[in-house]
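Those protein sequence lines, which keep their order, are chains D and Y.
All residue numbers for the first sequence refer to the numbering used here, where the first residue is 579 and numbers rise by one.
All residue numbers for the second sequence refer to the numbering used here, where the first residue is 579 and numbers rise by one.
Ideal Cβ placement from N, Cα and C applies to all residues, glycine included.
Contents: one structure, followed by commentary.
2 protein chains.
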Amino acid sequence: MKIDPTTPADLSQQIAKAIRDAIISGALPVDERLPSEAELADQFSVSRPTVREALKRLAAQSLIRTQRGATGGAFVNRLRFEDAYGQQITTSTLLLSMNDVSFATACEARYALERACAPLSATRRSADHLATMRAEIHRQVQPGLTDEAFCASDVAFHRALVDAAGNPVLSYQLAGAVEAMQPLMNMITFTARSREMIIGLHGDIADAITAQDAGKADAHLAALASYTQQLAQDVIAKRDARHNA
Amino acid sequence: MKIDPTTPADLSQQIAKAIRDAIISGALPVDERLPSEAELADQFSVSRPTVREALKRLAAQSLIRTQRGATGGAFVNRLRFEDAYGQQITTSTLLLSMNDVSFATACEARYALERACAPLSATRRSADHLATMRAEIHRQVQPGLTDEAFCASDVAFHRALVDAAGNPVLSYQLAGAVEAMQPLMNMITFTARSREMIIGLHGDIADAITAQDAGKADAHLAALASYTQQLAQDVIAKRDARHNA
DNA sequence: AGACGTTTAATTGTCTGACAAATGAAAATT
DNA sequence: AATTTTCATTTGTCAGACAATTAAACGTCT
């Protein structure tokens, strides 16, 4: 394992890259133990703090885990879907908030992706997923629910819909798109009327998935997408009116 | 900014989390300068190396950037889509390889997502995207092309198709799904016959997008999806036959 | 006064050496 | 044989130091 001398960067960055490349290429298999920090320091001809900074970079990406003690050390970590979810959601959320992505753009992406899952979900949905969707709908009809709790339940409903496709890769990709929308959704103040409309569409979608009717599921999702866009436009229109007044 | 005393973890991990939460919550806006390492060490009552390890964790996620010199320091980084692409691709690739995700599962996810983009691409495609797609098709018909180069061009074609939707959120999400498939695609040895078939479908897709015909684009994408699945099945069947012989 | 070097202070990057804490293995003891 | 103790290894943390970089402050010359 050699460090790249052409790009003059931080040593810890170069070392992290060298180890990361070794992991990606498969040269370092899962659960393989890396040399100890002292050995790595020798190999790369740097000090231990520099090696440690490199290892912390890798740990931040869940590429390695460390263990103290006699038989401890740094081990190549098996990246699990659940671990990747969190990072995916964090990154997606920051991307939306830091790049002034409009509600319309994020919403369009989310529903386009979700509609891609619907046919698979209709085919493969298990009783478990259907039960989750029904439970969330039941939660949403409760009158005392805050807007935040309503949005959270909305996310849970859509997560169940996506998970019903039974494809972990799809679930992973969608996690970012769906969850990152939540802060944007929270901007909307849901009236009793709009909640009723959304819950109704949720019911329609759940019915279609239960009946394994992909076409109906898609149609109701499309309706939900356009209704959500309309709600957001109303909020923006009201805000602009107040601003210009 | 306080560290969480309930979960006994590494100090650098706790500090990284505290700063990360501050960034996500918006308490630290983009381009805001963090206190110097010495000041952070004082604030958190730890040593400078510990603070540095925390900062390196954040740097690994592109949440901060550092600059040396008198007016230097660590600054909250604006997370750009281009920066996130790379991380997304790395993570997706490792997820597939480390979790023994089958070709069928990954392929299903990829084409499901890609078909979600197609209607938008058909509506919004620019001359630029169409030109890129045609150029990649032109590259693919060249006879001397290696399988790796063919796959790379395939990825470029599909990237252009996705980018044509004009939605950066979609492009970001799809980057992982499309690019992470490439190592799996490289397992396939493309015969002249199969290349011809794929290039033909690429042409059909490009024609449909050019004609803004979403239905046809979807149909040809579906055909490409099933043909790709079939190719992979043939490879697996041959490998199993050789293995049992 | 203005342009141009020079100094200086601040900050990150790196190194050295040390000690604490955890942990499993080996050795000693019962 | 089971249990306890000791010990070696490794990561986690600290303190202090110096090098490298950078921009601002300062001084000098025209």
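Proximity of chain D to residue 768 of chain Y at the Cβ level (cut-off 9 Å) is not reached, the minimal Cβ distance being about 23 Å. By the Cβ criterion, the segment 710 to 721 of chain D is not in contact with the segment 745 to 757 of chain D, since fewer than three pairs of Cβ atoms, one from each stretch, lie closer than 8 Å. A Cβ-Cβ separation of about 6 Å places residue 747 of chain D in contact with residue 679 of chain Y under the 8 Å criterion. Counting every other CB atom within 10 Å of its CB across the protein chains shown gives residue 780 of chain D a total of 16 or more, marking it as buried.
Residue 608 of chain D carries a coil assignment under DSSP once its states are collapsed to helix, strand and coil. Residues of chain D whose Cβ lies closer than 7 Å to the Cβ of residue 673 of chain Y are, in chain order, 657, 659, 662, 750. Look at the beta carbons and you see the segment 625 to 640 of chain Y touching the segment 592 to 603 of chain Y: at least three pairs across the two are nearer than 8 Å. About 7 Å separates the CB atoms of residue 665 of chain D and residue 669 of chain Y; that is less than 8 Å, so the two are in contact. Counting only runs of 4+ residues, the alpha helix (DSSP H) found wholly inside the segment 703 to 763 of chain Y occupies 705 to 718, 725 to 741, 746 to 758, 760 to 763, in chain order.
Residue state for residue 644 of chain Y is assigned as strand, using DSSP reduced to three classes. When 7 Å is used as the limit between beta carbons, residue 733 of chain D is near no residue of chain Y, the shortest such separation being about 16 Å.
The straight-line gap separating the alpha-carbon atoms of residue 689 of chain Y and residue 800 of chain Y is approximately 8 Å. Around the C-beta of residue 628 of chain Y, 16 or more other C-beta atoms lie within 10 Å, and the residue is accordingly described as buried. Taking the CA atoms as reference points, residue 696 of chain D sits about 34 Å from residue 656 of chain Y. Within chain D, the residues 683, 686, 687 have their CB atoms less than 7 Å from the CB of residue 745 of chain Y, given in chain order. For the 8 Å CB-CB criterion, residue 718 of chain Y and residue 731 of chain Y form a contact.
Looking from the CA of residue 601 of chain D, the closest CA among Y/650, Y/676, Y/811 belongs to Y/676. Scanning its chain for C-beta atoms nearer than 8 Å, with the 5 sequence neighbours on each side dropped, one finds around residue 784 of chain Y the residues 708, 711, 712, 715, in chain order. The beta carbon of residue 644 of chain D sits closer than 8 Å to the beta carbons of 633, 637, 650, 651, 652, 653 from its chain, once the five residues preceding and following it are set aside; these are given in chain order.
If you check each beta-carbon in the segment 592 to 626 of chain D against every beta-carbon of chain Y, the ones closer than 9 Å belong to 594, 598, 601, 602, 604, 608. Across the structure, residue 611 of chain D and residue 622 of chain D are spaced so that their CA atoms are roughly 17 Å apart.
Shown here for residue 590 of chain Y: same chain residues with a beta carbon closer than 6 Å to its own, the five before and five after excluded, namely 628, 631, 632 in chain order. In this structure, the alpha-carbon of residue 659 of chain D lies about 43 Å from that of residue 648 of chain Y.
For residue 817 of chain D, no Cβ of chain Y is located within less than 8 Å of the residue's own Cβ. Annotation for residue 651 of chain Y: the continuous beta strand (DSSP E) segment containing it runs 651 to 654.
The beta carbon of residue 750 of chain Y is closer than 7 Å to those of 659, 662, 663, 666 in its chain, skipping five residues each way along the sequence.
Judged by DSSP secondary structure, residue 628 of chain D falls within the alpha helix (DSSP H) whose first and last residues are 626 to 638. Under a criterion of Cβ atoms nearer than 7 Å, no residue of chain D is adjacent to residue 794 of chain Y; the nearest Cβ is some 18 Å distant. In this structure residue 789 of chain Y is exposed. Its beta-carbon is surrounded by fewer than 16 other beta-carbon atoms within 10 angstroms.
It is roughly 21 Å from the alpha-carbon of residue 794 of chain Y to the alpha-carbon of residue 734 of chain Y. At least 8 Å separates the CB of residue 729 of chain Y from every CB of chain D.
The three-state secondary structure of residue 593 of chain D, taken from DSSP, is helix. Interface with chain Y (8 Å Cβ-Cβ cutoff): residue 698 of chain D is included. At a cut-off of 8 Å between beta-carbon atoms, residue 742 of chain D makes no contact with chain Y. A check of alpha carbon separations from residue 769 of chain D across D/798, D/761, D/792, D/809 identifies D/809 as the nearest. Taking the Cα positions, residue 813 of chain D is about 36 Å away from residue 736 of chain Y.
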